[in-house]
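Asks:
Residue numbers (my numbering), protein chains in the order written: chain A, 3 to 203; chain B, 1117 to 1263.
Below, the structure is given as structure tokens:
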């Protein structure tokens, strides 16, 4: 028992808590509790990412998953019901089938995954080592992640920025920033044209 | 007098710290974990926390929706403009070395990454606040009993 690494115990504990939270989300009916538990789920995964040394990912998960998406889900919940309607058992069979098949496929794929921290896995060999070696002379930054994101993969990050811009733009165009969307009426020369759909009624 | 005195006092202390931490994550991203995206989200969460505690109207007085709209597009323009600037200096799109071609410690790369991350911060923070404003504006103000 003494030679078990403490991080492994921590990992297993966090994974167990994730499973418990996931099952409570499935079982619960109150949407408010579900949204809050989803925030808890994100926070637990952020803690797990820290224990896996993925601090950048943990950062993002804590800020986006536990912070902003919880608030957005709450805002969406306020526009609908507070309680989820119970789904009859026959309708759950199809989803159960899909979930079981996907789960079995994922377990089948575990055999092909490289071991954690394997230096010869595809992600750690080839291009990854090239970037780590070249950053020392090309960019001279201590953080290789920033060097890859902003310089070597600058095009990708530009695309991601534009995607986020498009998401914001779409929301602004659809909903409006002040909640007035859909109430505006075009009235050229004082005529109400917004309601006419070709007919003269 | 609002009943949430503790929430108000604590968040008043926390919000400047969260915003400051966002700036730390932004400008320390070259040396530690972090960068424009994370900093933008953290900055947006500071504004969203302010809106949750003090109300959406107060938040819109502090950060007007027009700023959010302008900020969203400014970020993309900064990022794209960095690429165009490297074009004009004779290099490829987003090849930052041309900002300081003679530098021995890759100063051009550092300037380019700084500008690009600033653009990401602008767009991400504004887009997150925009989404929150858009959804928040559609719900009427709630009393504590409505929960």
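C-beta: ideal position from N, C-alpha, C; glycine also.
Since the model is a prediction, treat every value here as computed from it, not as a measurement.
Ordered along the chain, which non-local residues of its own chain (more than five positions away) have a Cβ less than 6 Å from that of residue 1195(B)?
Replies: For residue 1195(B), where only same-chain residues beyond five positions count, the Cβ hits under 6 Å are 1232 and 1235.
Asks: Under 8 Å, CB to CB, which of the residues in the segment 1180-1196 of chain B have a partner in chain A?
Replies: Against chain A - using a Cβ distance shorter than 8 Å - the residues of the segment 1180-1196 of chain B are 1181, 1184, 1185, 1188, 1189, 1191, 1192, 1195 and 1196.
Asks: Taking all protein chains shown into account, do 16 or more other C-beta atoms lie within 10 angstroms of the C-beta of residue 203(A), making it buried, or fewer, making it exposed?
Replies: Low confidence applies to residue 203(A): its pLDDT is 39, below 50, so where it sits in the model is not reliable, and the reading given next is rough at best. Classification of residue 203(A): exposed, given that the 10 Å Cβ count is below 16.
Asks: So is residue 1226(B) buried or exposed if we call it buried at 16+ other beta carbons inside 10 Å?
Replies: buried
Asks: Return yes when the Cβ of residue 1238(B) is within less than 8 Å of the Cβ of residue 1206(B), no when it is not.
Replies: no
Asks: Check the DSSP bridge columns for residue 32(A) and list the partner residues they point to.
Replies: As a beta-bridge residue in DSSP terms, residue 32(A) pairs with 85(A).
Asks: Between which two residues does the alpha helix (DSSP H) carrying residue 1102(B) extend?
Replies: No answer is possible for residue 1102(B): it lies beyond the span of chain B, which begins at 1117 and ends at 1263.
Asks: Let me check understanding here. Comparing Cα to Cα, which of 1151(B), 1162(B), 1140(B) and 1149(B) lies closest to residue 1127(B)?
Replies: 1162(B)
Asks: Kindly list, in the order they appear in chain B, the residues whose Cβ is closer than 7 Å to that of residue 157(A).
Replies: 1210
Asks: Run down chain A in chain order and give the residues with a C-beta less than 7 Å from the C-beta of residue 1116(B).
Replies: Residue 1116(B) cannot be examined here, being either before or after the span of chain B that is shown, 1117 to 1263.
Asks: Is there a Cβ of chain B sitting closer than 8 Å to that of residue 15(A), yes or no?
Replies: no
Asks: Answer yes or no: do residue 58(A) and residue 1149(B) have a C-beta to C-beta separation smaller than 8 Å?
Replies: yes
Asks: Straight-line CA distance for residue 1168(B) to residue 1133(B)?
Replies: 17 Å
Asks: For residue 1222(B) and residue 173(A), which I take to be in contact (beta-carbon distance under 8 Å), what is that distance rounded to the nearest angstrom?
Replies: The C-beta distance from residue 1222(B) to residue 173(A) rounds to 38 Å, too long to meet the 8 Å contact threshold.
Asks: Assuming contact is defined by CB atoms lying nearer than 8 Å, are residue 66(A) and residue 42(A) in contact in what I supplied?
Replies: no
Asks: Could you list which residues in chain B have their beta carbon closer than 7 Å to that of residue 148(A), in chain order?
Replies: 1145, 1146, 1151 and 1229
Asks: Leaving aside the five residues before and after residue 151(A) along the sequence, list all residues of the same chain whose C-beta is less than 7 Å from its C-beta, in chain order.
Replies: 159
Asks: Taking only three categories from DSSP, how would you classify residue 148(A)?
Replies: helix
Asks: Would you say residue 82(A) faces chain B, with C-beta separation under 8 Å as the test?
Replies: no
Asks: Along the segment 1120-1141 of chain B, where does the CB come closer than 7 Å to a CB of chain A? Name the residues.
Replies: none
Asks: If you draw a straight line from the C-alpha of residue 113(A) to the C-alpha of residue 107(A), how long is it?
Replies: 11 Å
Asks: Which runs of the alpha helix (DSSP H) fall wholly inside the segment 10-79 of chain A and span at least 4 residues, in chain order?
Replies: 33-53 and 57-62
Asks: Alpha carbon to alpha carbon, how far is residue 35(A) from residue 8(A)? Give it in angstroms, no decimals.
Replies: 32 Å
Asks: Can you round the beta-carbon distance between residue 1228(B) and residue 1212(B) to whole angstroms, since I take them to be within the 8 Å contact cut?
Replies: 2 Å
Asks: Could you tell me if the beta carbon of residue 36(A) falls within a distance shorter than 7 Å of some heavy atom in the ligand GDP?
Replies: No copy of the ligand GDP occurs in the structure displayed, which carries no ligand at all.
Asks: Nearest chain B C-beta to residue 153(A) closer than 8 Å, yes or no?
Replies: yes
Asks: Hey, which unbroken runs of the alpha helix (DSSP H) at 4 residues or more fall wholly within the segment 121-177 of chain A?
Replies: 129-140, 146-149 and 156-177
Asks: Is the beta carbon of residue 1240(B) sitting closer than 8 Å to the one on residue 166(A)?
Replies: yes
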